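Notes follow the structure.
Residue numbers (the working numbering): 9 to 151.
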């Protein structure tokens with residue numbers, strides 16, 4: 009134990025960086041565990057869509073949505089969710105909702121907004137459409 013203390017006193021910047029990283033890891037783990045928005049992989053999303061009639065909400069731009077999206081997805085840009093303009097999906101509050109973005113990074117914030125708006129079962133697609141396409145899963149360009 010004394011060796012750790014000696015190291016910490018000789019290397020305060022390195023120790024601070026390590027403690028910051030450890031704190032961030034703990035924070036993100038606890039936040040994900042207690043978040044009302046759950047992350048699902050492609051397989052789990054497919055099961056939700058097929059077995060529980062989940063609604064897919066695509067938050068990408070109109071151009072990205074037009075290039076390909078999950079079949080039956082509702083296009084609801086992130087700006088509309090942030091403005092609480094949830095008309096197209098308002099009737100699905102009790103059904104599972106899967107939020108999809110391009111890389112899986114912005115869907116979490118949109119999912120939290122939907123959860124605050126009263127949606128009961130909100131999920132985000134891990135890896136987003138990029139991961140979906142990488143696994144050669146079907147996309148459609150039809151509206």
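Built from N, CA and C at the ideal position, the CB exists for glycine as well. Keep in mind that this is a model prediction, so the values were computed, not measured.
Cβ-Cβ separation, residue j to residue i (assumed contact under 8 angstroms), whole Å
i           : j           : result
residue 130 : residue 105 : 5 angstroms
residue 5   : residue 149 : Lying before the first or after the last residue shown, residue 5 is absent from the chain, which here runs from 9 to 151.
residue 68  : residue 110 : 6 angstroms
residue 65  : residue 51  : Residue 65 to residue 51, Cβ: 19 angstroms. No contact.
Limits of the beta strand (DSSP E) - the one that residue i falls within
i           : result
residue 104 : 104 to 108
residue 133 : 129 to 133
DSSP state of residue i mapped onto helix, strand, coil
i           : result
residue 54  : helix
residue 32  : helix
residue 23  : helix
residue 114 : coil
residue 97  : helix
residue 147 : coil
Residue i burial status per 10 Å Cβ neighbour count (16 or more: buried)
i           : result
residue 95  : exposed
residue 121 : buried
residue 9   : exposed
residue 78  : buried
Endpoints, the alpha helix (DSSP H) within which residue i is located
i           : result
residue 91  : From DSSP, residue 91 is part of no alpha helix (DSSP H); its letter is neither H nor E.
residue 80  : Run containing residue 80: none; DSSP gives neither H nor E here.
residue 136 : 136 to 142
residue 74  : 70 to 75
residue 16  : 10 to 18
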